Every structure is written in C-alpha cells, then in structure tokens.
Amino acid sequence: MTISLKDRAAIAGIGQTEYSKNSGRSELQLAAECVKAAIADAGLRPSDIDGMTTFTLDTNDEIEVARAVGIGDLSFFSRVNFGGGAAIGVMLQAAMAVATGVAKNVVVYRAFNERSGHRYSKGIAEGIVTADLIHWSWYLPFGLLTPASWVAMFTQRYMHEYGCKPSDLAQVAISTRKHAVNNPNAFFYGKELTMDDYMSSRLIADPLRLFDCCQESDGGAACVVTSVEHAKDLPHPPAVIRGVAQAAAADQENMTSFYRPSISHLPEMDLVAQQVYQMSGLGPDDVDAAIIYDAFTPIVLWQLESFGFCGRGEGKDFVKDGNLEVGGRLPCNTNGGQLSEAYIHGMNGVNEGVRLIRGKSLNQPAKNDHVLVTGGVGVPTSGMILGKL
Amino acid sequence: MSLNDKREELERKAHAYVGKDSGIEVGPDPVNEVMIRQLCEVINDQNPVYVDDAAAKANGFDGIITPPAALQMWTMPGARPPWDLTDEEKEIVGNRQSISKDVELNALFAEYGYTGVVGTDQEEEYIRPVRPGEKITAHLFIDHISEQKATALGLGYFITVRRVYKNQDGEEVATSTFRVLRYQAPAQPAAQAADAPQASAKPKRLKPPMGHDNSWWWDAVENDQFLIQSCKSCNTLRHPPRPMCGKCQSLDWEGVEASGNGTIYSYTVMHHPKFPGFDYPFVTAVIELEEGTRIVSNVVDCDPLAVHVGMPVELTIQKPDGELKLPLFRPVA
Ligand SMILES: [Zn+2]
Chain A
59 MTISLKDRAA
69 IAGIGQTEYS
79 KNSGRSELQL
89 AAECVKAAIA
99 DAGLRPSDID
109 GMTTFTLDTN
119 DEIEVARAVG
129 IGDLSFFSRV
139 NFGGGAAIGV
149 MLQAAMAVAT
159 GVAKNVVVYR
169 AFNERSGHRY
179 SKGIAEGIVT
189 ADLIHWSWYL
199 PFGLLTPASW
209 VAMFTQRYMH
219 EYGCKPSDLA
229 QVAISTRKHA
239 VNNPNAFFYG
249 KELTMDDYMS
259 SRLIADPLRL
269 FDCCQESDGG
279 AACVVTSVEH
289 AKDLPHPPAV
299 IRGVAQAAAA
309 DQENMTSFYR
319 PSISHLPEMD
329 LVAQQVYQMS
339 GLGPDDVDAA
349 IIYDAFTPIV
359 LWQLESFGFC
369 GRGEGKDFVK
379 DGNLEVGGRL
389 PCNTNGGQLS
399 EAYIHGMNGV
409 NEGVRLIRGK
419 SLNQPAKNDH
429 VLVTGGVGVP
439 TSGMILGKL
Chain B
5 MSLNDKREEL
15 ERKAHAYVGK
25 DSGIEVGPDP
35 VNEVMIRQLC
45 EVINDQNPVY
55 VDDAAAKANG
65 FDGIITPPAA
75 LQMWTMPGAR
85 PPWDLTDEEK
95 EIVGNRQSIS
105 KDVELNALFA
115 EYGYTGVVGT
125 DQEEEYIRPV
135 RPGEKITAHL
145 FIDHISEQKA
155 TALGLGYFIT
165 VRRVYKNQDG
175 EEVATSTFRV
185 LRYQAPAQPA
195 AQAADAPQAS
205 AKPKRLKPPM
215 GHDNSWWWDA
225 VENDQFLIQS
235 CKSCNTLRHP
245 PRPMCGKCQS
255 LDWEGVEASG
265 NGTIYSYTVM
275 HHPKFPGFDY
285 PFVTAVIELE
295 EGTRIVSNVV
305 DCDPLAVHVG
315 MPVELTIQKP
325 DGELKLPLFR
335 PVA
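Chains as they are written, first to last, in the working numbering: chain A, 59 to 447; chain B, 5 to 337.
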C-alpha cells in the first residue's frame, strides 16, 4: 500500500532563539529554548511531544533535549545526514512519522554555535574524523577546504556556460538584503546593500565575494509537526505540507560532485522538484513565494532553474527586475535569508515559510497560497511546498 | 617508503610502549625545607604549614609538609638533564638520575617528524602529604596513544602518561596523568635552526588521509607516477578511486598510467581564509584529463589571472611545501 504524504501533516508551531555572533550559552540550551518556544507556539505542552528529529550534524542528542524541555516518552527519533541538505529532509521524517501514526506530535530542531564555536568557513581540516576522510583526501592537499571554494568551482563553470556575471549574483544578495533591513532579528537589520558595496567587497574564492556568502551564526530554530486534523484544533492556522521530498542523484559527492557530465545544475534538486510537484499536484505557477536555501548567492539561481521558475541558464535573468522582492514574481527569502538574517542551516527558513502561510512575515506578499522551502545544495538535498488549510 | 607505510611503522613502534612499565624518574635531592621555602617565596604561597613546623603541627601534621603542587619538582632532572650528560659526567652523577622510556618515545615521534609538543591536560591525585627527608621517585606508565588525529596544529597523536609517585619505602604518595599532543609542527621555530640550518621554515600542507582505497594512488605519486583507476573487467576508468566498479560491480582493478595532459574544466582562485602551506592567491581547478576522467589539483607556474576554462594544461609533479609530493598542472608551453 502506498501512503501519499500530501496534506497529511502540518506545521503547527514555530520557535527560535535570537540569532547572533556569540550566543554565550551552550548549544543544548539553544536547542531547549527553541524547542520550548515551538511547542508553546503550537499550543501544546512538552508532554504532548512523542517524536523528535534533527540533523546528523546537530550535537544535541534527542534525549538530552527531551530531558531539558521535559518531553517525556518518545516513540520516534531520527536524524538526516549531509549538512544543510537535511533542512527539509527532517520535515519529511516528521511528516512520515505523523502520516503513519508512528508519532502524533514531532518536534524538529537545529541549534548550534556555528559562529562562536566551530566555524564551517575554517575548513574541514579541523573537524575531519570519520569515514569521509578518504573523500577529503582528494581536496585537502590542494587547498579546496571550505564550502565557499566548493561552490565557487560550480559557479565558475556555470558563469562560463551561460554568461552569468558577478552583477547577476549581486542581484540575489541585494534583494535578500532588502528583506533583512526590515527584520530586527536579522544580522543586517537596517543595513542596505548597494551594487558598489557588493563589487568592492573582498574576494573569498573567485568568483565568490564576501557578500555572496551567508552569515555565520549562533542560534536555534524548531517547529512542531502534527496531523492536519490535530492542527485544525490548535491556535495558529496550520501550514499544511502539500508535498515534501529528499533526493540524492547519481555520482553525488558531499559538496564536490565535479565528475558528472554537467556540473552547472543540480540533478538532486531537479529530482526533489519533480517529486514535490508530483505529490502536491502543483507547478511553478502555483508557487507564490519561496524560501530558497541561500548559503551562497549562485545556488539560488540553480534552484530557481530546478523548480522551473525559469529555464536552464536563465536564473541570472530571472533574479533581475526585483523578481525576488515583495511585489515581484517570486518574493524570496523574506526573512533576509541565510545571506542576511542568519545561517541556521535552513531551519530559520522553515519558520519563515510558516510565517508566510500565516500572513505574518515582516515582508508579507499579498498572495500566499503556496510557499516553496528548500534545503541545502551541493549535497543530497530536500524541499517542500507549504499551503493553507 | 610510502607515507602510509611510514605512519604504520611509527604506530607499531610507538604502541610497543603502551601499557608497560616505562622506567622511573628520580630527582637529584630528597624533599627538603630549603627548596620548599624557595618555592613558596617564588609562588607567593604564605600558608605557614609549608615553612613553620609549629604551625604545621597545630594543623594536625607531623611537621612541615610540601605544597601538593610541588610534586613534580622532586623528580625533575637537574638543570642539565641526564640525556645531555657525557659518559664521564654520568659516572660522577651515578645513580641519582635515570632515564625513563618517555624520553625514548618522544625521540621516536620526533624522528618521524612529530616535533611539535603541547600539553593538553593534567590530573593529579594526592594520597597523603609529602614531608622533608622523603626521597620521591616517579614510576612511569605510557597508558594510551591515540589514533592519528587531524588537529588545528596539524596531524598528531595524543599520548597519556601516568606517573605513580612513591617514597623510598615504596609507599605511594600521589599519582598524576598527563596528556600531550605530539604533532607535525608546520613551522620549525627559528631557535632550532642554529644547528640544523634549514633553508625553508615553510609551513606544510595537510597531508591526505590514507586508507585502503586511496593510499596506492598516493604511493604512486611518491614514485612519480600519475595513475587512473581502471576496472579490469570492463575497462571503465574512475576517479576518485573507489573499491568497486559502478558499471559492472567488479572488485578487480588496476592503476593505469595517464598522459598528464588535460584542460581546465573549472577553477577557483583562493583568497580567504588562508591555510598554512599555501601562497595566496592560488588556483584550484577541476582538470579534465584527455583519458576522460576529471581530477582536482592546483594550477601552478602561471599568473592566477591568466587561468581560464578550456586552458590546456600538463602534469608536473612537485613538492609545493618542500615535503609532500603532489601531481600539479601548469599551462602547456
Ligand atoms: Zn567494471
């Protein structure tokens, strides 16, 4: 028997800590705070939670968070691998648990001191300990050690093939920043970004400049997933999961899939898009706003192409003319995104997706029937479409 | 000998020390009131039980005791450690000092390039106060040597040394556990350059981690060979190497020599952050080899600004940090 996940589960509560450069407290405390806030927002008590899911990279064990928050017995707990690619993978886990009755109320969380603790931009050299050691041996002695440098390699090829220019990447950074300017919880609250600022920012890994790269942040974000029927009885209008999927594609490596016939698009995100559209019965024309994972500016272009908002190689044109801003074709990353709000591995984006459906974003577009939210790319990835009841 | 073989050889030799009695450390002098008083003056410890017999007795001791933190002082070698003494001097010093296996182990790690050392943590347990007149000996045990770890300082090993402190009657008075990291120091301190004049104090690149699935390839590079893994049953080439052929699931493979000719498929010029062993900016590229596989490497011997997609390049095996042999690429002349 096949169970479709369409309209089975909904996000009933969201919670987060403040986002900062130095939280001054433990990752476990950040996790406990955002989980508690999400449960309260859903109108539930900690003892109502019977499932938990997070990222493999999260250092906070489910049972530690459960004890801290006073969540009692658990019938479901799971983790999803591959960094930010897990952002919607965890939502798939929660939706499956709820749809199958394995759990009633699942809390999804991600909390870290990515800025004041271990910074990913410092490279893989510090943290490598496990089986992917051998994978990194092909990159480490050649100095290809940081997320920016891996993404730069794909970007250079994309620019070469499609004539994309630095000023096109700047469009993504600038539109996203416009949203952060109105968000007091964003790192760049009140700070606009001009083309001059962008062009004069320093090179990190050519062609990527400082403002092509996301924030490095401390903080936590969490949400509560429950059945659509249950969500109807809770205080907020539910954000119904219309379609949700995960995918890894052939010849995938962890951030370094340089060996495929083409490296200027994202086969795994193409697969996610197909599955999400098929499950939801929706298409690009039905999507009113989006939270597109934006750890780096160029990855937004490739995802716009994967989800069919434009053709292959046309992402650079789509982002012009304010298309990503409120009032544009696809208001995008209305919280300021990971580029300008905070980098919480995409979970801050899930919460913003819920706010968009509730009509409560600080940059709320008029039309909000369907919102796309995606996970990190360059790795096996994930995505979902949220809708109203 | 390949990097991997050298590493295994070091680990085999080092592990022979683990869990065994590793000798003793004996200081030149018995515990005495003069050294206690001098120590207390230096560290400004005014507790009278260390210097005043009456005060010590009033506090329930049999007389003056030593500050617990002085423990190591009683077994430290003199200003000239035993391994610096000539044979003639050793005759004079006699049995007052002994060499522990700890020293041998340190020399072993240094021989394999792990010259850096940093203490990471220490625990001490005091069983009872030590009193003047006692002769303290530390009995050493190398409790543990970790696997090779990639640390912020470089590749290295954590070594845990336990010392059991006993008096002249064999009575245990304290124990300590001391952990150090021995690492491949990226740069040699200038002070050591005096008797080993090394032209380059250049920091080293991180070495590729080695295992079953990749060490054969790096061993070949050490021998100036540039190989591509080839399936023996369907002849499909693959890089990076993997244990099984994704096309036909065969486990039989061989390394075939590649021409070293290729073109730049994509590249990035690295500016920030800066890692040891690299001169910034430098070029890292995906090279498409004429055999059809791709490889990540550096493009050298040219201006980074001259590099472009489609540029023809050729192999040059070099030691960019003076130590690690790497297959690099340069523009075809
Ligand atoms: Zn084969």
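Yeah, the Cβ is synthetic: ideal placement off N, Cα and C, and Gly gets one too.
No experiment lies behind these values; they were computed from the predicted model shown.
Sort out for me which residues DSSP pairs A/C281 with in a bridge.
A/I72, A/V166
Helix, strand or coil at A/S258 [DSSP, three-state]
coil
Distance between A/T284 and B/S219 (C-alpha atoms, nearest Å)
49 Å
Between which two residues does the alpha helix (DSSP H) holding B/L109 run?
105-115
Just to check my reading of the structure: A/S398 and A/A206 have Cβ atoms closer than 8 Å, yes? What is that Cβ distance to the nearest angstrom?
With 8 Å as the limit, A/S398 and A/A206 do not qualify as a contact, their Cβ atoms being about 17 Å apart.
Could you compute how far the alpha carbon of A/G371 sits from the alpha carbon of A/M327?
15 Å
Identify which residue in A/I299, A/D375, A/T432, A/A424 has its Cα closest to the Cα of A/G395.
A/T432
Spatial neighbours of A/V384 within its chain, please: C-beta separation below 6 Å, excluding the five flanking residues on both sides.
N421, P423
Do A/Y77 and A/I402 have their C-beta atoms within less than 8 Å of each other?
yes
Beta-ladder partner(s) of A/G301, from DSSP:
A/I443
On a CA-only basis, which of B/E15, B/L309, B/L319 is nearest B/S150? Give me that one, please.
B/E15
Along the chain, where does the beta strand (DSSP E) that runs through A/A347 open and close?
347-349
What three-state label does DSSP hand B/N302 in the structure shown?
strand
Alpha carbon to alpha carbon, how far is A/G366 from A/Q151? Give it in angstroms, no decimals.
25 Å
Looking at B/V184 and B/G123, is the spacing between their C-beta atoms short of 8 Å?
yes
Who are B/L293's beta bridge partners in DSSP?
B/G266
Following the continuous beta strand (DSSP E) through B/P331, name the residue where it begins and the one where it ends.
330-335
Just checking: is the beta-carbon of B/T272 within a distance shorter than 8 Å of some beta-carbon in chain A?
yes
Tell me which residues share the same chain as A/G277 and place their Cβ nearer than 6 Å to its Cβ, disregarding the 5 neighbours each side in the sequence.
T75, Y77, A400, I402
Contact with chain B by A/W194, beta-carbon distance below 8 Å:
yes
Would you please verify whether the beta carbon of A/H294 is less than 8 Å from any beta carbon of chain B?
no
Going along chain B in order, which residues have a C-beta closer than 8 Å to the C-beta of A/K180?
P277
For a cutoff of 8 Å on Cβ pairs, would you count B/L330 as touching chain A?
yes
List the residues that DSSP assigns as beta-bridge partners of B/H143.
B/I28, B/V168
Residue range of the alpha helix (DSSP H) that A/D226 falls in?
224-238
Using DSSP with H/G/I as helix, E/B as strand and the rest coil, what is B/V260?
strand
Limits of the unbroken alpha helix (DSSP H) element including B/I47:
37-47
Might you give, ordered along the chain, the residues of its own chain that have their beta carbon closer than 8 Å to the beta carbon of B/Q126, omitting 5 neighbours on each side?
S180, T181, F182, R183
Quick one, are the C-beta atoms of B/V53 and B/C44 less than 8 Å apart?
no
Mark A/M257 as exposed unless 16 or more other C-beta atoms lie within 10 angstroms of its C-beta, in which case mark it buried.
exposed
Straight-line Cα distance separating A/F200 from B/E318:
16 Å
Under the criterion of a Cβ to heavy atom distance below 7 Å, does B/T240 qualify as lining ligand 1?
yes
Just to confirm the assignment, what range does the beta strand (DSSP E) spanning B/D307 have?
Counting along the chain, B/D307 falls outside any beta strand (DSSP E), and DSSP gives it neither H nor E.
In terms of residues, what are the limits of the beta strand (DSSP E) holding B/D125?
120-130
Measuring straight from C-alpha to C-alpha, what distance separates A/V345 and B/V336?
50 Å
Check whether the Cβ of A/T439 lies closer than 8 Å to any Cβ atom in chain B.
no
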